[in-house]
Amino acid sequence: MNAQLNDFGPIKAVIFDMDGLLLDTEGIYTEITQLIAERYGRTYDWTIKQNIIGRGAADLARYVVQALDLPITAEEFLVMREPLMRERFPRAEAMPGAQQLVRHLKEHRIPIAVGTSSSQMSFVEKTTRHGDWFALFDTIVTADDPEVTAAKPAPDIFLTAARRLGVEPQQCLVFEDSPFGVTAARAAGMSVIAVPDAAMADSKFAHADAILRSLQAFQPAACGLPRLDWPA
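Be aware that the sequence shown starts at 16, since it is given in my numbering, and climbs by one per residue.
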């Protein structure tokens, strides 16, 4: 853990990204995108994936269609993947440490929120099996929320979450797994810890306050929050 964590200002609220951070959905996204790519004889691999993690749907679709030179529009790509997502998202698993950290913060009355690039519909599909602990969040902000005018890397999602929590942005700590998400949190004036995919180069997260390999590597006490005794 970065020594910089000890230098954070008083943290009064925590905001979590969802995909790849709370829920293991990135593998599902990869499977779906590859299925579509294969229909046109293309291969979707890490060289492309690393550049789209954390993007909003429209931006992601434009990038994938262009990078793979698909003979479809970005809008058609999104329509094609919709039924594939509905079928697969309900099987998403929790990321290691996610439930424990969320429950710990809630038990200690720390305001918590989700700030995700997913739509409300996708959020519902992904959390099908996780309603009990997602119900603990004080607010959920999705990319299609009426108060959000721009997706990450714009700060709107995180600023909306902070406003609803009643906490100043500089008193919020964000957990993110994507460079775009880290950029959004920094633009919002918040502290941010990156928890990236193991295949992602740390250099892409140089703008984060700290980089951790897992949520289980986070000790809340380092940021002035109630200590969490992780299971051995």
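We treat Cβ as the ideally placed atom computed from N, Cα and C, and that holds for glycine.
{"Asked": "To the nearest angstrom, how far is the alpha carbon of A267 from that of W245?", "Found": "Residue 267 lies beyond the stretch modelled for the chain, which goes from 16 to 247, so this question has no answer here."}
{"Asked": "Extract the residue ranges of the beta strand (DSSP E) inside the stretch 60-136, only unbroken runs of 3 or more that lie entirely within it.", "Found": "127-130"}
{"Asked": "Out of R54, K167, R106, A176, which one is the CA nearest neighbour of D84?", "Found": "R54"}
{"Asked": "So which of F23, V210, G146, P168 has the shortest CA-CA distance to R106?", "Found": "G146"}
{"Asked": "For T175, which three-state DSSP category applies?", "Found": "helix"}
{"Asked": "Taking the straight line between their C-alpha atoms, what separation do you get for T198 and F173?", "Found": "11 Å"}
{"Asked": "Looking at the unbroken beta strand (DSSP E) that takes in F190, where does it start and where does it end?", "Found": "187-191"}
{"Asked": "Just to confirm, are A200 and V207 a CB contact at a threshold of 7 Å?", "Found": "yes"}
{"Asked": "Please state whether the Cβ-Cβ distance between I26 and L230 is less than 7 Å.", "Found": "no"}
{"Asked": "Using alpha carbons as the reference points, say which of T154, A150, H123, W148 lies closest to V129.", "Found": "T154"}
{"Asked": "What does DSSP give as the partner residue(s) for F31 in the beta ladder?", "Found": "V129, F190"}
{"Asked": "Give me the Cα-Cα distance between Y59 and C238, rounded to the nearest whole angstrom.", "Found": "39 Å"}
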